[in-house]
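Below: one structure, written as structure tokens.
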Amino acid sequence: MKHSKSKMLRPAQLAAVIFLTVSGGPYGLEPLLLYGGNNAILLLLVVPLLWDLPTIFTVMELNSMMPLNGGYYQWVKQGLGLRWAFYEGWWTWLYTFVDLAIYPVLFVEYASFFFPAIAAYKLPICWAIIWGGAWLNIRGIVPVGKAAVVLGVVVVLPFAILAGMALWHSPVGHLWQLPRPAGGMSLSAIGMGLYTVMWNFLGWDNATTYAEEVDHPVRSYLWSLGAAFLLIFVLYFVTVLVALHAGVDVVTLQEVGFPVLGTVIGGWWLGALLSLGGMASALGLFSAVMLSVSRMPKAMADDRLLPPVLSREHRRYETPWISILCCAVVVSLLVIWTFEDLLIIDITLYGTALFLEFIALIILRIKAPQWERPFRIPLGIPGLCIMTLLPLIVFGVAFSGALMAGQNNQPLLFSVIALISGEVVWQGIRRIHHPANKI
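Laid out in structure tokens, this is it:
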């Protein structure tokens, strides 16, 4: 369906949605200081260089070739075929359900700064957030974009005040001095530190699943991806520097979150602002991620890989409302994992799907060199292969470190079962559809 211009996302709104899809602010980085200590800055520099930039460049080139709803699913289908595209969509769908389930709980945790007894009402509050986010998404991409702009400001402003007050109270230039790296990090600590940073930089491709609902998508995505990446990196870097120089207890920081850093730097009021920012972050992340995942079932249903009812669009709002409702139902039923378990499940499933996109990029360079690419990575095939190895190395180190930490075997096992389930469901689809249908 062709969407009217008034129902399409503008560049500033797209940048805000990408910011909330990928980041939602530094909330979630707290464990990095526990795992990495002074080496947290080093991990924070390595991951964007080796993990994010190759991903962003890949997303930019593929999206400039095919700015279609379904995003990465469509790229893998063109490059690797329908079977691998199904794996791509299925794995991403599963990890996103796990991802979505944590945000309402994070909202409750940050709200407990003001209302300590709120934990007793966790389930109804979580369900209210889930179905409120579904209602907003059914109303359309523009309301989600407008909400993202407001919530993004509420997220960023407290950290800007935090950095300003830390700079004001520190000796001249002291805040910007990098802590001396410490030695002796175990492989498990490195792995969990990498998982933490990777999770906080996750989802650049998710923002492409609604490309047909973006005004001038090629140009808008190029600008918005760059702006969002710069904002996210600066915000993370400055916040981690402030936390390291403040000398806050890392165990307390992990348990309470960044509001405890705010109380150390500026007092209760700054801790309250950071708590409000955490609540806004959880709401923004939920609505933005639901926006991206709700378009995936529709694209797969259009290819007869999922029930066709998921392709149905709302007559007034032109949104895949059945897909959105199904997403809300699944998330409402999910069992909430611990934050550390969430990191492992998310990165394992997401990382596996991401490498299919890298492979699709290389194959499309070989199979379709004549296709128009408004943005083209300035590398040949050998260079693209080397670029793909960089995030693979980071992923391998993180995965190895997680294996070394014995308490993390359960989410790793869950991740492996989820990956295998893609083949199981695919075989079921082939049995439903006669081979003559070429499914």
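This note's numbering applies: residue 24 is where the sequence shown begins, and numbers increase by one.
For each residue, glycine too, the CB sits at the ideal point set by N, CA and C.
Bear in mind that the values here come from a model prediction, so they are computed numbers and not experimental data.
Item	Value
With a Cβ-Cβ cutoff of 9 angstroms, do residue 438 and residue 372 count as a contact?	yes
In terms of DSSP beta bridges, what is residue 233 paired with?	92
For the region 352-395, which segments carrying the alpha helix (DSSP H) assignment without a break, of at least 4 residues, lie completely within its bounds, in sequence order?	362-390
Would the region 412-423 and the region 95-104 be scored as touching if the rule is three or more Cβ pairs under 8 angstroms?	no
Are the region 58-71 and the region 389-399 touching by the rule of at least three beta carbon pairs closer than 8 angstroms?	no
Could you compute how far the alpha carbon of residue 12 sits from the alpha carbon of residue 247?	This structure cannot settle anything about residue 12, because the visible part of the chain is limited to 24 through 462.
Identify every run of the alpha helix (DSSP H) within the region 39-64, keeping only runs that are complete inside it and at least 4 residues long; order them along the chain.	53-59
Look up residue 254 in the DSSP assignment and say whether it is helix, strand or coil.	helix
Once the 5 residues before and after residue 212 are set aside, which same chain residues still bring their CB inside 8 angstroms of it?	58, 59, 424
Under 7 angstroms Cβ to Cβ from residue 354, same chain only, skipping five residues before and after it: list those, please.	120, 123, 124, 153
Taking DSSP as the reference, what is the three-state secondary structure of residue 445?	helix
In chain order, what residues of the same chain lie with their CB nearer than 8 angstroms to the CB of residue 195, ignoring the 5 residues before and after it?	No answer about residue 195 holds up, because its pLDDT of 47 lies below 50 and its placement is not dependable.
Note down the Cα distance separating residue 24 from residue 334, rounded to an integer number of angstroms.	With a pLDDT of only 48 at residue 24, under 50, the local geometry of the prediction cannot be trusted, and no value is derived from it.
Rounded to whole angstroms, what's the CA-CA distance from residue 291 to residue 185? Just pull it up for me.	12 angstroms
Beta-carbon within less than 7 angstroms of residue 42's beta-carbon, same chain only, minus the 5 sequence neighbours each way: which residues are those?	175, 251, 254, 255
Does DSSP put residue 435 in a helix, in a strand, or in coil?	helix
Using a Cβ-Cβ cut-off of 6 angstroms (strictly less than) and excluding sequence neighbours within five positions of residue 296, which residues of its own chain qualify?	181
State whether the region 341-356 contacts the region 374-388, with contact taken as three or more CB pairs (one from each stretch) at a distance under 8 angstroms.	no
Would you kindly work out how many angstroms separate the C-alpha atoms of residue 400 and residue 241, rounded to a whole number?	15 angstroms
Taking all protein chains shown into account, do 16 or more other C-beta atoms lie within 10 angstroms of the C-beta of residue 223, making it buried, or fewer, making it exposed?	buried
Put residue 32 into one of helix, strand or coil per three-state DSSP.	strand
Measure the alpha-carbon distance for residue 426 versus residue 284 and round it to whole angstroms.	31 angstroms
Could you check what DSSP says for residue 135 in three-state terms: helix, strand or coil?	coil
How should residue 331 be labelled, buried or exposed, when 16 other C-beta atoms within 10 angstroms of its C-beta is the threshold for buried?	exposed
Alpha carbon to alpha carbon, what distance is there between residue 282 and residue 179?	14 angstroms
Helix, strand or coil, according to DSSP, for residue 109 in the structure here?	helix
Decide if residue 451 is buried, meaning its Cβ has at least 16 other Cβ atoms within 10 Å, or exposed.	exposed
Give a yes or no on contact between the region 333-349 and the region 142-153, applying the rule of three or more CB pairs nearer than 8 angstroms.	no
Please list, in chain order, all residues of the same chain as residue 126 whose beta carbon is under 6 angstroms from its beta carbon, the five residues on each side excluded.	305, 308, 309
For residue 82 versus residue 96, is the C-beta distance shorter than 9 angstroms?	no
Could you name the residues of the same chain whose beta carbon sits closer than 8 angstroms to that of residue 267, not counting the 5 residues immediately before and after it, in chain order?	56, 61, 63, 64, 202
Measure the alpha-carbon distance for residue 188 versus residue 301 and round it to whole angstroms.	19 angstroms
Whose C-alpha, out of 116, 93, 71, 262, is nearest the C-alpha of residue 349?	116
For residue 156 and residue 406, I'd like the C-alpha separation in whole angstroms.	42 angstroms
Cutting at 7 angstroms between CB atoms, please list the residues of its own chain near residue 319, excluding the five before and the five after it.	93, 96, 112, 115, 116, 232
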